[in-house]
Amino acid sequence: MDKKHHQILAILLLLGTFLQGLTMLRSGLSYSFGLGFWGPNGHDGIWHLALTNQVLKSFPPPHPTFAGELLTNYHYFYDLLVALINKITFIPVINLYFQILPLLMAFLLGLLSFLIGWKLSKNFWVGFWFAFLNYFAGSFGYFGGESLFWSMQSISTQINPPFALSLIVILFGIWLLASVKELTKKHIFLLSLLFGILINVKVYAGIIILPGLFVYSLLRLFKKDKKPFLIFCGSFVLSVIIFLITNKDPGSLLIFQPFWFIHSMIESPDRLYIPKLALARYRFLAGGDYVRLFFVEAIGLFLFLVGNLGTRILGVI
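What follows is the structure, encoded as structure tokens:
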């Protein structure tokens, strides 16, 4: 990259970091009326602050709101990370949560996005647009509510810190796999650890990464490269262990229900809500008219994909 490219990238990272962090920065500060918590931070932020103060007391940690109960069936590794940083640095938890870590994670999100795009394409602008879209692209939900199509907007990423951390872990893992010419035992251990703990950073991140890693490892096996498969095996075993010991009755937590998001998007008044399409689906399903049911489901899938891709649909074109 030349000097001009460095300047463009620096402006993007600074702007993206500040604007994504802005959704968090004003919360947790003292105002004339007391502590201020804006938007979802009035609930989610306070919950995470309470949990962060509990996670180092035992394993599983005490439940923040039910005395005498242990917290199970929840992903709390982000809160554990905040608590550990607090113990090492003595920086107050409230400042770590609202002012420091959101900015750090927003910066890493953009930087890793750029590095992956640049590494895989050898083109500055591919990396630039990958980072730009991860900062600023959004679904078409902004026409009628942020989560109209279920997925939240990119600008709100830091409001959900476990989600933001899971993106960074995934992007770092992909960048490492793309950058290292020869995976060593240290790389295998590190990637197995990172992908393995995702299940308790954000549970659906772990569920997504394992099948993707499995497919990638199979493709590498055809090229006589066994190391990605070792990473998958390590990640899978670690994910299962963490999932079993942090969840009570874990078999009931995950339900295989294809198209649940699409059906609820169409049927829920607080989402896209197309009652005629929902009624048509029930009618064709009850009547056994699977040909027309297929087309109804296809319409729902199309609306879900296009609606959530939003401006990113330009990438398909």
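Just so you know, we're using this note's numbering here: the sequence shown kicks off at 9 and counts up by one.
Using N, Cα and C, we set each Cβ at its ideal position, and we do this for glycine too.
From a predicted model like this one, the values you see are computed outputs, not experimental measurements.
Host beta strand (DSSP E) of residue i (start-end)
i	result
leucine 37	37-39
leucine 262	Looking at the DSSP string, leucine 262 is not in any beta strand (DSSP E), and its letter there is neither H nor E.
Three-state secondary structure assigned by DSSP to residue i
i	result
proline 283	helix
glycine 24	helix
glycine 308	helix
isoleucine 325	coil
methionine 387	Summary: the structure shown does not reach residue 387, with the chain confined to residues 9 through 325, and so no result is reported for it.
serine 129	helix
phenylalanine 222	helix
histidine 51	coil
lysine 11	helix
phenylalanine 267	coil
phenylalanine 230	coil
leucine 156	coil
glycine 295	helix
arginine 34	coil
Minimum C-alpha distance to residue i - residue among the options
i	options	result
serine 272	Phe26, Leu191, Asn131 and Trp158	Trp158
valine 223	Tyr212, Phe237 and Gly242	Phe237
lysine 235	Lys189, Pro70 and Leu37	Lys189
threonine 25	Phe302, Arg320 and Ile108	Ile108
tyrosine 212	Tyr82, Gly47 and Leu78	Tyr82
leucine 285	Gly296, Asp278, Ala306 and Gln265	Ala306
alanine 1	Leu79, Tyr105 and Thr80	Any property of residue 1 remains undetermined from this structure, which presents the chain solely from 9 to 325.
isoleucine 16	Gly29, Phe132 and Pro283	Phe132
phenylalanine 269	Leu156, Asn168 and Pro70	Leu156
glycine 308	Val324, Val299 and Ile282	Ile282
proline 170	Gly53, Gly296, Ile124 and Leu191	Gly53
asparagine 61	Ile93, Tyr39, Ser38 and Arg34	Ile93
leucine 287	Leu111, Met9, Glu275 and Lys232	Glu275
phenylalanine 140	Leu112, Met32, Leu21 and Tyr290	Leu21
aspartate 280	Arg291, Phe310 and Ala294	It is worth fixing the name first, because residue 280 is leucine in this sequence and not aspartate. With distances taken between Cα atoms, leucine 280 lies closest to Phe310.
glycine 194	Ile216, Asn49 and Ile239	Contrary to the premise, residue 194 reads as lysine rather than glycine in this sequence. The candidate whose alpha carbon is nearest that of lysine 194 is Ile239.
isoleucine 250	His51, Leu30, Tyr84 and Tyr143	Tyr84
isoleucine 19	Ile205, Phe122 and Ser225	Phe122
isoleucine 196	Ile163, Leu184 and Ile207	Leu184
leucine 322	Phe138, Leu23, Gly36 and Leu79	Phe138
lysine 344	Pro69, Gly315 and Val63	Here the chain has residues from 9 to 325 only, and residue 344 is not among them.
glutamine 28	Ala114, Lys127 and Lys256	Ala114
lysine 130	Thr319, Gly76 and Ala186	Ala186
aspartate 257	Met9, Lys12, Leu79 and Gly36	Leu79
serine 164	Pro48, Thr73, Val134 and Tyr298	Pro48
tyrosine 143	Gln161, Val134 and Trp126	Gln161
isoleucine 111	Val324, Leu30, Ile215 and Met9	Position check: residue 111 holds leucine in this sequence, whereas isoleucine was assumed. Comparing Cα positions, the closest option is Leu30.
arginine 34	Leu227, Ile167 and Leu293	Ile167
isoleucine 205	Leu262, Leu293 and Leu89	Leu89
isoleucine 182	Leu218, Asn208 and Val209	Leu218
Test: residue i CB closer than 8 Å to a CB of chain D
i	result
valine 177	Checking the listed chains, one finds no chain D in this structure; it contains a single protein chain.
Residue interval of the alpha helix (DSSP H) (run including residue i)
i	result
glycine 42	Unbroken run through glycine 42 is the beta strand (DSSP E), 42-44; no alpha helix (DSSP H).
asparagine 208	193-209
isoleucine 239	235-254
serine 162	Looking at the DSSP string, serine 162 is not in any alpha helix (DSSP H), and its letter there is neither H nor E.
proline 169	169-187
phenylalanine 136	132-144
* Check whether the stretch 149-164 touches the stretch 172-183, taking contact to mean three or more Cβ pairs, one atom from each stretch, closer than 8 Å. => no
* Assess, as a yes-or-no matter, whether the stretch 52-68 is touched by the stretch 99-114 under the definition of 3 or more beta carbon pairs within less than 8 Å. => yes
* Secondary structure, alpha helix (DSSP H): runs of 4+ residues fully inside the stretch 53-124 -> 85-97
* With a cut-off of 8 Å, do at least 3 Cβ pairs link the stretch 111-119 to the stretch 40-47? -> no
* Asked: Below 8 Å, can you find three or more Cβ-Cβ pairs linking the stretch 191-205 to the stretch 238-258?
  -> yes
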